[in-house]
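Respectively, the protein sequence lines represent chains A and B. 0 is the number of the first residue of the first sequence in numbering that gives the first Met the number 0; add one for each residue after it. 0 is the number of the first residue of the second sequence in numbering that gives the first Met the number 0; add one for each residue after it. For reference, the structure discussed in these notes is given below.
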Amino acid sequence: MTTYDVYVAGGAVLFALGTYGLLERSHLVHKVIAANFMGSGIFLVLIGLANRTPTPEPDPVPQAMVLTGIVVTVAMTALGLAIVKRYFSETGRTTLDADEKPGERR
Amino acid sequence: MPERPRIRLVPLAASLAVFALVLRAVHALPDTATGLSAEMTAGAKASGIKNVVTAVLLDFRGYDTLLEIAVLMLATIAVLSLRTDPDALSRRISGVAGPVLGALTRAYVPIMIVVAGHLVWIGSSGPGGAFQGGAVLGAAGILLALSGFARPRWSSGAPMRWVLAVGLLTFIAVALLPLALGGTLLQYPDESRKSLVLLVEILLTLSIGASLTSLFLASASDTSEGERR
């Protein structure tokens, strides 16, 4: 068990938790948060894998990819929340369930 | 009686399946990775950009970064167009900061601007760069808007839109320039490599800061919205 194993296993756990949340939660904000979990999991996996090189310095390419990914995740989160907010102001619902009454707690 | 937490089978199965898939994918990799450290370090030395991650982001894999900025700009445009009420924030904070918030903002914002500039400049040789600088600049913009110093009206004005666009437009111009000189896309000429990367970085910092501020401000709503429903 090396340090990189811990990062990769932790990343896989986060990714799985995010998948569960994305499918199980019906509240749209929860879904956005779950998608963020999945992204963070993949970042951890990539950061862990960057450490596998024989040289003491980690591989810079996965690190740069994670940095790119973080910015894309920020963009995704902002757009997701804006869509959820607009959806709420149009319909008064917080889930995609057509039977939900406006103002109902979920 | 509180509802018992229930675990649904289909999401659980899907979650376990992706967990196994990630572990399986990682274990299918060869035991010893060669990595690209050596090539990247050598290439970074030749280009004059000492921080390898910055060299990867803006030079060796500039295409990724170009598309990433495009994604950020698209998201900003989409969020700005999804607003229901562009003036919600200005009404809500009414432009008056309390004495403590006002004093803190006056002290912090200049420091944050200097820190952002430092992060961009240091990015060529150490940890830092356009995204880190842009994040600090974005935080400064949010602080200014929330404490009522800069009226959020500028967040949707034409000058702000130019600041938003300048990073991506410059990056595209710099990427296309080598085509006119007989090279390939994003193939910077060797003698001006470092200055071109620095120019793109500085303008990207401004655009990223503006974009993060706009993303935040665009999502403001009237406090009364929740009570109305």
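Glycine included, each C-beta is placed from N, C-alpha and C at the ideal position. In this text, all values refer to a predicted model and were calculated from it rather than measured experimentally.
{"query": "Would you kindly work out how many angstroms separate the C-alpha atoms of Leu28 (chain B) and Gly128 (chain B), rounded to a whole number?", "result": "31 angstroms"}
{"query": "Can we count Leu22 (chain A) as close to the ligand ADP, meaning its CB is less than 7 angstroms from some heavy atom?", "result": "Looking for the ligand ADP in the displayed structure turns up nothing, as the structure carries no ligands at all."}
{"query": "Leaving out five residues on either side along the sequence, give the residues of the same chain with a beta carbon under 6 angstroms from the beta carbon of Met72 (chain B).", "result": "Leu167"}
{"query": "For Lys30 (chain A), return the contacting residues in chain B, with the cut-off set at a CB-CB distance below 7 angstroms.", "result": "Here the premise fails: no neighbours, minimum Cβ distance about 12 angstroms."}
{"query": "Determine which residues of the stretch 11 to 37 of chain B have a Cβ less than 8 angstroms from any Cβ of chain A, and write them out in chain order.", "result": "Leu11, Ala13, Ser14, Leu15, Val17, Phe18, Val21, Leu22, Val25, Leu28, Thr31, Ala32, Thr33, Gly34, Leu35, Ser36 and Ala37"}
{"query": "Identify whether Gly128 (chain B) lies in helix, strand or coil by the three-state DSSP scheme.", "result": "coil"}
{"query": "Buried or exposed: which applies to Asp63 (chain B), given that a residue is buried once 16 or more other Cβ atoms fall within 10 Å of its Cβ?", "result": "buried"}
{"query": "Any C-beta of chain B sitting closer than 8 angstroms to the C-beta of Val5 (chain A)?", "result": "no"}
{"query": "Using only the alpha-carbon positions, how far apart do Phe87 (chain A) and Ala74 (chain B) sit?", "result": "19 angstroms"}
{"query": "According to DSSP, is Leu168 (chain B) helix, strand or coil?", "result": "helix"}
{"query": "Hey, does Glu200 (chain B) have any beta-carbon neighbour from chain A nearer than 8 angstroms?", "result": "no"}
{"query": "Which whole-angstrom value describes the C-beta separation of Ser213 (chain B) and Leu163 (chain B), a residue pair presumed to lie in contact below a C-beta threshold of 8 angstroms?", "result": "7 angstroms"}
{"query": "Classify Ile46 (chain A) as helix, strand or coil using the three-state DSSP reduction.", "result": "helix"}
{"query": "Does any C-beta atom of chain A lie closer than 8 angstroms to the C-beta of Met159 (chain B)?", "result": "no"}
{"query": "Along the alpha helix (DSSP H) that carries Glu200 (chain B), what are the first and last residues, could you check?", "result": "Arg192 to Ala217"}
{"query": "May I have the straight-line CA-CA distance separating Pro55 (chain A) from Met39 (chain B), to the nearest angstrom?", "result": "14 angstroms"}
{"query": "Does any residue of chain A have a CB that is nearer than 8 angstroms to the CB of Phe130 (chain B)?", "result": "yes"}
{"query": "Is there a Cβ from chain A that is less than 8 angstroms from the Cβ of Glu67 (chain B)?", "result": "yes"}
{"query": "Just the chain A side, please: which residues come within less than 9 angstroms of Ala217 (chain B) by C-beta, in chain order?", "result": "Ala77 and Ala81"}
{"query": "Can you find the residues in the same chain that come closer than 6 angstroms, C-beta to C-beta, to Leu205 (chain B), ignoring five residues on each side of it along the sequence?", "result": "Val162"}
{"query": "Can you tell me the Cα-Cα spacing of Thr83 (chain B) and Ser210 (chain B), whole angstroms?", "result": "18 angstroms"}
{"query": "Taking Thr64 (chain B) as the query, report the chain A residues whose CB atoms sit under 7 angstroms from its CB, ordered along the chain.", "result": "Thr67"}
{"query": "Round the Cβ separation of Leu134 (chain A) and Pro61 (chain A) to the nearest angstrom and send it over; I've been treating them as touching at under 8 angstroms.", "result": "The requested residue 134 (chain A) does not occur in the structure, where chain A is confined to residues 0 to 105."}
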